[in-house]
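Enquirer:
2 protein chains.
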Amino acid sequence: MERIAEGEYAVMEVLWEESPLTAAEVAERVPAERGWSLATVKTMLSRLLAKGVLRHEEDGRRYLYRPALAREDYVAEESGRLIDRMFGGRLTPLVAQLAARDRLTPADIEEIEALLKALKS
Amino acid sequence: MERIAEGEYAVMEVLWEESPLTAAEVAERVPAERGWSLATVKTMLSRLLAKGVLRHEEDGRRYLYRPALAREDYVAEESGRLIDRMFGGRLTPLVAQLAARDRLTPADIEEIEALLKALKS
DNA sequence: CTTCGTTGACTACAGGTGTAATCACTCGGC
DNA sequence: GCCGAGTGATTACACCTGTAGTCAACGAAG
Numbered sequence: 024m025e026r027i028a029e030g031e032y033a034v035m036e037v038l039w040e041e042s043p044l045t046a047a048e049v050a051e052r053v054p055a056e057r058g059w060s061l062a063t064v065k066t067m068l069s070r071l072l073a074k075g076v077l078r079h080e081e082d083g084r085r086y087l088y089r090p091a092l093a094r095e096d097y098v099a100e101e102s103g104r105l106i107d108r109m110f111g112g113r114l115t116p117l118v119a120q121l122a123a124r125d126r127l128t129p130a131d132i133e134e135i136e137a138l139l140k141a142l143k144s
Numbered sequence: 024m025e026r027i028a029e030g031e032y033a034v035m036e037v038l039w040e041e042s043p044l045t046a047a048e049v050a051e052r053v054p055a056e057r058g059w060s061l062a063t064v065k066t067m068l069s070r071l072l073a074k075g076v077l078r079h080e081e082d083g084r085r086y087l088y089r090p091a092l093a094r095e096d097y098v099a100e101e102s103g104r105l106i107d108r109m110f111g112g113r114l115t116p117l118v119a120q121l122a123a124r125d126r127l128t129p130a131d132i133e134e135i136e137a138l139l140k141a142l143k144s
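Chains as they are written, first to last, in our numbering: chain A, 24 to 144; chain B, 24 to 144.
1. In whole angstroms, what is the alpha-carbon distance linking residue 46/A and residue 37/A?
2. Would you mind working out which of 134/A, 127/A, 139/A sits nearest residue 125/B, comparing C-alpha positions?
3. For the region 66 to 77 of chain B and the region 64 to 71 of chain A, state whether three or more C-beta atom pairs, one from each stretch, are separated by less than 8 Å.
4. For residue 124/B, which three-state DSSP category applies?
5. Looking only at its chain, what residues have a beta carbon closer than 7 Å to the beta carbon of residue 116/B, apart from the 5 residues adjacent to it on each side?
6. Going straight from the alpha carbon of residue 88/B to that of residue 80/B, what length do you get?
7. Under the three-state reduction of DSSP, which class applies to residue 78/A: helix, strand or coil?
8. Please confirm whether residue 58/A has its beta-carbon closer than 9 Å to some beta-carbon of chain B.
9. Short of 7 Å in beta carbon distance, which residues of its chain neighbour residue 57/A, apart from the five on each side in sequence? Order them along the chain.
10. Is the shortest distance between the beta-carbon of residue 85/A and the beta-carbons of chain B less than 9 Å?
11. For residue 118/A versus residue 106/B, is the C-beta distance shorter than 9 Å?
12. Going by alpha carbons, who is nearest to residue 63/B out of 94/B, 30/B, 133/B?
13. Determine the direct distance from the alpha carbon of residue 67/B to that of residue 39/B, and round the result to whole angstroms.
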């Protein structure tokens with residue numbers, strides 16, 4: 024599976040949220056902080072098409088874009104990659120890491136415990 | 024904090040494992056799958072120096088390199104970045120994600136439960 | 001029909017990255 | 001004193017990425 028760059032990811036996010044969309048609609052929905060011109064968004068769309076993670080269908084003289092890759096699949100791949108690289112493929116050290124950095128609230132802990140309990144049954 | 028590229032990360036890994044080391048020693052210890060020449064490793068070292076994540080001290084006519092950035096700090100930053108981007112900053116969806124993909128063994132679950140229990144006290 | 005806005009395609013260009021080669025220097029051995 | 005191996009510095013170059021500009025075609029409005 025082709026890698027998706029950071030900026031390209033922002034475009035995918037938009038389309039995972041809502042699709043199909045035209046290039047102009049995607050541009051509207053990209054977070055304003057990016058400050059991208061329409062041209063930039065179009066470049067992203069072309070590159071994502073070339074990478075095969077987007078599809079487009081004709082709609083008159085323009086295209087409607089939609090993801091060709093499920094968000095879950097992408098997210099699973101990226102998470103796995105990070106955990107493999109940094110934690111030798113094991114999740115526990117990541118949890119420990121985050122805990123040590125106070126990234127876990129008591130509510131988070133409860134939630135994860137509940138999730139794990141459900142998994143065991 | 025400067026970003027560290029994928030290849031550069033491999034060099035950091037070596038130095039986090041053992042330091043200080045000379046360029047040649049780093050090259051020896053980089054995973055063989057990379058198939059890097061010594062020249063490539065030296066380039067990486069220079070760039071990492073420029074980014075300020077490595078230090079070097081003189082040792083006669085060569086340098087000894089050592090990390091100027093703790094592994095924990097880097098790992099914390101990267102993990103946080105990924106979790107922010109893909110899971111809205113929350114860890115629970117990541118755990119759920121991994122669970123759904125069978126990336127969690129029963130042993131993992133036990134381990135994390137124990138960790139969380141310890142955290143609560 | 002002419003004009004104008006919209007659209008995809010193509011081109012541009014600087015900075016980062018992977019992957020080196022080459023150069024100049026120097027120290028240890030002869 | 002000279003030579004070769006090791007060393008950092010400098011340079012190279014293609015591909016990826018962020019960020020557009022431009023162009024040609026086409027369809028709607030007048």
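Idealized CB from N, CA, C, for every residue including glycine. Every value quoted in this text rests on a predicted model; they were computed, and no experiment measured them.
Expert: This is what the structure gives:
1. 11 Å
2. 139/A
3. no
4. coil
5. 110
6. 7 Å
7. strand
8. no
9. 33
10. no
11. no
12. 30/B
13. 15 Å
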